[in-house]
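**Student:**
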Amino acid sequence: MSEDIEKRMPHLVRVLTSKRSHWHGSDPEEYIRSIAEFDPTPNGTYMPYIVKQVSQDKLKLPEDGKRIHDALKYFHANKNKSGWEGHKDVHQYDKWRDLEDTVEKHEPVKSRSEKIKDIKSEGARVIVDVELPVKGGKRNLHYKAIEITTPEAACTYGRGSRWCTTDPGTASSYLEHGPLYIAIKNGEKIFQANHDFSQFMGIKDNPAIMLSAPTDYFLSKIADRIPETRKGIAKLRRMSPDYPGKPPIE
Numbered sequence: 053m054s055e056d057i058e059k060r061m062p063h064l065v066r067v068l069t070s071k072r073s074h075w076h077g078s079d080p081e082e083y084i085r086s087i088a089e090f091d092p093t094p095n096g097t098y099m100p101y102i103v104k105q106v107s108q109d110k111l112k113l114p115e116d117g118k119r120i121h122d123a124l125k126y127f128h129a130n131k132n133k134s135g136w137e138g139h140k141d142v143h144q145y146d147k148w149r150d151l152e153d154t155v156e157k158h159e160p161v162k163s164r165s166e167k168i169k170d171i172k173s174e175g176a177r178v179i180v181d182v183e184l185p186v187k188g189g190k191r192n193l194h195y196k197a198i199e200i201t202t203p204e205a206a207c208t209y210g211r212g213s214r215w216c217t218t219d220p221g222t223a224s225s226y227l228e229h230g231p232l233y234i235a236i237k238n239g240e241k242i243f244q245a246n247h248d249f250s251q252f253m254g255i256k257d258n259p260a261i262m263l264s265a266p267t268d269y270f271l272s273k274i275a276d277r278i279p280e281t282r283k284g285i286a287k288l289r290r291m292s293p294d295y296p297g298k299p300p301i302e
């Protein structure tokens, strides 16, 4: 623990326990010491910002710890360099994810793509991969089902959707019960389901999934691969407004 943090402890405690704070722990000093590891600087330069983000319920720790640590580390090393187009004062970023977005815009493309590749390879795997021909000479339909096992992979694969699992804390709570599954058609996400398909959401977080015959066939392949999804897939079929009336998977 840095002496600088200890000196600033009274101020940090006031921020954490202010009347508008969303933090409800019993020992603010101990909590602050426990999250000091997420500040990448040796003297705790960014602890006031981290504590404020926690108090405003914008930052979940330890779930978001690695992400904010990495964002602050890059920000600290590059904010004063030529070419930096974001704010140089970290407190100008109302939400830490705004800071993360700014950092991602400045990171070398190779570094960012490699980071995403690592996240995907460590927390996701393809469990169903089918290609179906289309009449009329059009390109084939290519379906994939991705099994998600880490919050980082859930956030990465969920970008561009309205799924609540793009929040690491929410993703973690779902993953406690088993993997998440993301369906992809011709490179575009079409829906996400929980471990047994008892909950499923379209790309806009809507429960209705349009079931064409190819998509229905794809679902049957998922059910064959993961038997515990069968009842959930049967429910999904019944809820679809254009379900063709085939017998549900039992």
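Counting with our numbering, you get residues 53 to 302 for the letters of the sequence shown. Note that beta-carbon positions come from the ideal geometry of N, C-alpha and C, so glycine has one too.
1. Our contact map puts residue 273 next to residue 180 with C-beta atoms below 8 Å; I'd like the distance itself, whole angstroms only.
2. I'd like the list of long-range same chain contacts for residue 134, defined as Cβ closer than 7 Å, with 5 residues on each side in sequence excluded.
3. In three-state DSSP terms, what is residue 127?
4. In chain order, which alpha helix (DSSP H) runs of at least 4 residues are fully inside the segment 195–225?
5. Kindly indicate which residue of 153, 113, 104 and 198 has the alpha-carbon position closest to the one of residue 67.
6. Run through DSSP, which three-state label would residue 241 get?
7. With a 10 Å radius around its C-beta and 16 neighbouring C-beta atoms as the bar for buried, classify residue 72 as buried or exposed.
8. Using a threshold of 8 Å, state whether the C-beta atoms of residue 230 and residue 247 are closer than that.
9. Going by other Cβ atoms of all chains shown within 10 Å of its Cβ, with 16 needed for buried, is residue 144 buried or exposed?
10. Go to residue 181, then tell me how far its beta strand (DSSP E) extends in each direction, as first and last residue.
11. Using a Cβ-Cβ distance under 8 Å, would residue 256 count as near chain C?
12. Confirm, please, whether the CB-CB distance from residue 226 to residue 199 is below 8 Å.
13. Do the CB positions of residue 326 and residue 84 come within less than 8 Å of each other?
14. Taking Cβ positions, are residue 204 and residue 194 nearer each other than 8 Å?
15. Would you call residue 282 buried or exposed, if buried means 16 or more other Cβ atoms sit within 10 Å of its Cβ?
16. Taking only three categories from DSSP, how would you classify residue 263?
17. Mind reading off the beta-carbon distance from residue 332 to residue 116? Whole number of angstroms is fine, and I expect it under 8 Å.
18. To which residues of the same chain is residue 113 closer than 7 Å at the C-beta, ignoring the five residues directly before and after it?
19. Within 10 angstroms of its Cβ, does residue 215 collect 16 or more other Cβ (buried), or is it exposed?
20. Starting from the C-beta of residue 301, find all residues in its chain whose C-beta is less than 6 Å away, skip the five residues before and the five after it, and write them out in chain order.
21. Report buried or exposed for residue 80, applying the criterion of at least 16 other Cβ atoms within 10 angstroms of its Cβ.
22. Could you check which residue in 77, 56, 239 and 63 has the C-alpha nearest to that of residue 95?
**Tutor:** Well, looking at it:
1. Position 221 of the sequence shown, counting from 1, holds the residue named residue 273. Position 128 of the sequence shown, counting from 1, holds the residue named residue 180. So it is a contact: roughly 5 Å between Cβ atoms.
2. The sequence position of residue 134 within the sequence shown is 82, counting from 1. Excluding positions up to five away in sequence, the list is empty.
3. For the purposes of this step, residue 127 is taken as the residue at position 75 of the sequence shown. It is helical.
4. 203–210
5. For the purposes of this step, residue 67 is identified with residue 15 of the sequence shown, where counting begins at 1. The candidate whose alpha carbon is nearest that of residue 67 is 104.
6. For this step, residue 241 is matched to residue 189 along the sequence shown. Here residue 241 sits in strand by DSSP.
7. Working through the sequence shown from its first residue, we reach residue 72 at position 20. So residue 72 counts as exposed.
8. The count along the sequence shown starts at 1 and reaches residue 230 at position 178. The count along the sequence shown starts at 1 and reaches residue 247 at position 195. Yes, the pair counts as a contact, with Cβ atoms nearer than the cut-off.
9. Here residue 144 refers to the residue found at position 92 of the sequence shown. Classification of residue 144: exposed, given that the 10 Å Cβ count is below 16.
10. For the purposes of this step, residue 181 is taken as residue 129 along the sequence shown, with counting starting at 1. Looking at the DSSP string, the run of the beta strand (DSSP E) that includes residue 181 is 176–184.
11. Absent from the structure: chain C. Only one protein chain is present.
12. Walking along the sequence shown from the start, residue 199 turns up at place 147. Walking along the sequence shown from the start, residue 226 turns up at place 174. No, Cβ-Cβ distance for residue 199 and residue 226 is not below 8 Å.
13. Residue coverage of the chain in this structure runs from 53 to 302, which leaves residue 326 outside it and unanswerable.
14. Within the sequence shown, the letter at position 152 stands for residue 204. Within the sequence shown, the letter at position 142 stands for residue 194. The answer is no: Cβ separation not under 8 Å.
15. Locating residue 282 in the sequence shown gives position 230, where the first residue counts as 1. Buried: at least 16 other Cβ atoms inside 10 Å.
16. Along the sequence shown, read from residue 1 onward, the residue named residue 263 stands at position 211. If DSSP states are grouped into helix, strand and coil, residue 263 belongs with coil.
17. Past the boundaries of the shown model lies residue 332; the chain is included only from 53 to 302, so the question cannot be answered.
18. In the sequence shown, the residue the question calls residue 113 occupies position 61. So the list reads 87, 90 and 106, once near-sequence residues are dropped.
19. If you number the sequence shown from 1, residue 215 lands on position 163. Buried, by the Cβ-count rule.
20. Sequence index remark: in the sequence shown, residue 301 carries index 249 (1-based). Any reading at residue 301 needs caution, since the residue's pLDDT is 39, under 50, leaving its predicted position unreliable; the model's value is listed next. 275, 282, 285 and 286.
21. As a first step, residue 80 is located in the sequence shown; it is residue number 28 there, counting from the start. Under this definition residue 80 is a buried residue.
22. The count along the sequence shown starts at 1 and reaches residue 95 at position 43. Of the candidates 77, 56, 239 and 63, the one whose C-alpha sits nearest the C-alpha of residue 95 is 56.
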